[in-house]
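Novice: Per this note's numbering, the sequence shown starts with residue 594, numbered consecutively.
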Amino acid sequence: MRYCKKCVMPDTKPDLSFDKEGVCDACSSAELKNTIDWKARETEFEVLVRTFKNKDSSKYDCIIPVSGGKDSHYQAYMARQYGLNPLLVHFEPTMRTELGLKNLENIRQFGDVVELRKNPEVYKKMGIEGFRRVGDHEWPNHIGIFTFPVRLAVAYKIPLIIWGENSQLEYGGPKAARMKNTLDRRWLEEFGGLLGLRVEDMVGVEGITKSNLAPYLYPTDEELKAAGITGVFLGYYFKWDARPQVELMQKYGFSVKDGDPVEGTYTNYENLDEATVAVHDYLKFVKFGFCRATDHVCLDIRNGRITREEGIALVKQYDGKRPHKGIADFLKYSGMTETEFDTIVDSFTDKALFVTDESGKLLRDGSGNLQLKEKLI
Ligand SMILES: [Zn+2]
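#1: Which residues does DSSP list as the beta-bridge partners of Gly824?
#2: Leaving out five residues on either side along the sequence, give the residues of the same chain with a beta carbon under 7 Å from the beta carbon of Lys966.
#3: Between the Cα of Tyr675 and the Cα atoms of Val839, Leu876 and Arg643, which residue gives the shortest distance?
#4: Once the 5 residues before and after Cys884 are set aside, which same chain residues still bring their CB inside 8 Å of it?
#5: Please indicate yes or no: does the CB of Val616 lie closer than 7 Å to some heavy atom of ligand 1?
#6: What does His735 pair with, by DSSP beta-bridge criteria?
#7: Judging by CA-CA distance, which residue of Arg701, Val601, Arg595 and Pro607 is the nearest neighbour of Lys880?
#8: Find out if the Cβ-Cβ distance for the pair Ala746, Ile754 is shorter than 8 Å.
#9: Assuming Tyr830 and Arg634 form a contact by the criterion Cβ under 8 Å, report the distance between their Cβ atoms to the nearest whole angstrom.
#10: CB-CB under 8 Å to Ile801, same chain, minus the five flanking residues each way: which ones, in chain order?
#11: Quick one: is the Cβ of Met594 within less than 7 Å of any heavy atom of ligand 1?
#12: So His730 is in the beta strand (DSSP E); what residue range does that whole segment cover?
#13: Say whether the segment 652 to 671 touches the segment 696 to 708, bearing in mind that this needs 3 or more beta-carbon pairs closer than 8 Å, one atom from each stretch.
#14: Should Val601 and Arg901 be called a contact, given that it needs their Cβ atoms to be closer than 8 Å?
#15: Can you tell me whether DSSP reads Val796 as helix, strand or coil?
#16: When you compare the CB positions of Gly904 and Asp888, do they come within less than 8 Å of one another, or not?
#17: So, at 8 Å on beta carbons, what are the nonlocal neighbours of Glu763 in its own chain, with the 5 sequence-adjacent residues on each side left out?
#18: Could you tell me whether the Cβ atoms of Ala987 and Lys750 are closer together than 8 Å?
#19: When you measure from the CB of Cys655 to every non-hydrogen atom of ligand 1, does any distance come out below 7 Å?
#20: Classify Ile629 as buried or exposed, calling it buried when 16 or more other Cβ atoms lie within 10 Å of its own Cβ.
#21: Taking all protein chains shown into account, do 16 or more other C-beta atoms lie within 10 angstroms of the C-beta of Pro837, making it buried, or fewer, making it exposed?
#22: Drop a sphere of 10 angstroms on the beta-carbon of Gln761, count the other beta-carbons inside from all chains shown, and report buried for 16 or more, exposed for fewer.
#23: Hey, out of Lys844, Thr860 and Lys663, whose CA is closest to Leu697's CA?
#24: Bridge partners of His917, per DSSP?
#25: Take the Cβ of Glu951 as the centre, count every other Cβ of all protein chains shown within 10 Å, and call the residue buried at 16 or more, exposed below.
#26: Which value, in whole angstroms, describes the spacing of the CA atoms of Ile899 and Glu863?
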C-alpha cells in the first residue's frame, strides 16, 4: 500500500489515481474546488430552478432522495431556499435506529415525505445474498436509494431529481466523473456500489420472484426519456463542506449522535440511521485496508481542519477496528452465527494487505483486530 503524501488515502482505493508527486486525485479535486467560480455555479442553479419550477404550483417541482441524514437535510433546505417545492423520497434502511427516525421526522419541515417500506423478507434475502456474493449486505439498500426516487420521478412526472454530493469530486475518482453533473443509470452502475451484481441476478435466490423486485428495477431509457428525467448533484452548484452544513442543519433540529462517535470513525454526524452500517464499512477495510475514519480524516485534512500528523493519529485510533456493536446487530438481523460471519468476511479479506502466520492464517490482536502490513506514516 502506498499512501497519498497530502492526505492519508491509500492507493488500494478503487478508481483513485496518484500523480508523479504521490498526491491522490481527491486532493487535486479539493484544489480544483477552490478554483471553481462558485458564484457562476449558483447562477447556473438559479437557471435550473427557473427551468423546472412549476409555473402554476400544481405539482412538486423536484424530487430529493433523502435518508434523513445531514446531506438530505441540507439538500431539502437548499431547495426551499431557492424557492422549490420538493417531494422528499425515502427508502427504508436495513435496521433503522431511533436517531435515524427522529431525523427523518425532522426533515418533514422542508417538504412532504414518501417512504418505501420494503418487504423485509425479500430485502433481507437480497442483503444476505449480497453479503455472501460481493461482501456487502447493504447491496439492496444502494439499489433502493438510487432506484426508487427515479421510479417515482417517472411515475409522478416530476423530471428534476436533486442528489447531494458528487462522491467522485469529494472522495476521488476518474477525471471525467469528477466534473460531471448527472446521475443516471451509467453512474449508478459504475459508482453506485453495485459491485457487478445485477438486480436480475436475485431472481430465484431463496425463492425471490421477478415481481418481488419491482421497486429495485431502474426505469427503462425510454421511460426516462419520455419523462425528461434530469438528475443533478447539488455539490456541483455549491461548494460542499459537510461540517459547516451539519452546524447549519442543527439549527433546524438535525440531531447528531451523543456520547461516543459513530462506530468505526471519530465523527458523530454521519451514518446515524442504520444500525449495521459499521459492518458495511468494515468490509471495505478488509477488502482495501482503509475505512470510514480514513475518509473523514482525508476530508478534514483537505478542508484545512487538521494536519496530516493529527490525521494519522486518528486513523490509528479508529480505522478498521472490528465493529463489535455493528456485528452484534448484524448477527441478530441476519440470524448468522459469528463463525459463519467471520468465514464470509475472511473470504473477502485481501491477505496481501494483512499480517498472517506462516500457514496464511490471518492474525488478530486481543480485540479481534486485523493488522495491516504497511504502516501509515
Ligand atoms: Zn490525497
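From the three backbone atoms N, C-alpha and C, an ideal C-beta is built for every residue, glycine too.
Specialist: Checking against the coordinates, here is how it stands:
#1: Beta-bridge partners assigned by DSSP to Gly824: Ile754.
#2: If you ignore the 5 residues before and after Lys966, its C-beta comes within less than 7 Å of the C-beta of Leu946, Phe947 and Val948, all in its own chain and listed in chain order.
#3: Closest option to Tyr675, Cα to Cα, is Arg643.
#4: The answer, listed in chain order, is Gly857, Thr858, Asp874, Tyr875, Lys877, Phe878, Asp912 and Gly913.
#5: Checking every heavy atom of ligand 1 against the Cβ of Val616, one is found closer than 7 Å.
#6: Answer is none; His735 lacks a bridge partner.
#7: The candidate whose alpha carbon is nearest that of Lys880 is Pro607.
#8: Yes, Cβ-Cβ distance for Ala746 and Ile754 is below 8 Å.
#9: With 8 Å as the limit, Tyr830 and Arg634 qualify as a contact, their Cβ atoms being about 5 Å apart.
#10: A distance below 8 Å between beta-carbons, with the five flanking residues on each side excluded, links Ile801 to the following residues of its chain, in chain order: Val715, Lys718, Met719 and Met795.
#11: Checking every heavy atom of ligand 1 against the Cβ of Met594, none is found closer than 7 Å.
#12: No beta strand (DSSP E) holds His730; DSSP gives it neither H nor E.
#13: As far as the Cβ criterion goes, the segment 652 to 671 touches the segment 696 to 708, which means the pair count is three or higher.
#14: Contact check for Val601 against Arg901 passes: the beta carbons are separated by less than 8 Å.
#15: Annotated three-state conformation of Val796 is coil, per DSSP.
#16: No, these two residues do not count as a Cβ contact at 8 Å.
#17: Take Glu763, set aside five residues on each side of it, and the residues of its chain with a beta-carbon closer than 8 Å to its own are Ala619, Ser622, Gly828, Trp833 and Leu892, in chain order.
#18: With the chain running from 594 to 970 in the structure shown, residue 987 is simply not present.
#19: No, the beta carbon of Cys655 sits no closer than 7 Å to any heavy atom of ligand 1.
#20: Answer is exposed; the Cβ neighbour count stays below 16.
#21: Residue environment for Pro837: exposed (fewer than 16 other C-beta atoms within 10 angstroms of its C-beta).
#22: Buried, since its Cβ has 16 or more Cβ neighbours within 10 Å.
#23: Nearest C-alpha to Leu697: Lys663.
#24: DSSP lists no beta-bridge partner residue for His917.
#25: It is exposed - the Cβ of Glu951 has fewer than 16 other Cβ atoms within 10 Å.
#26: If I take the Cα positions, the gap works out to 19 Å.
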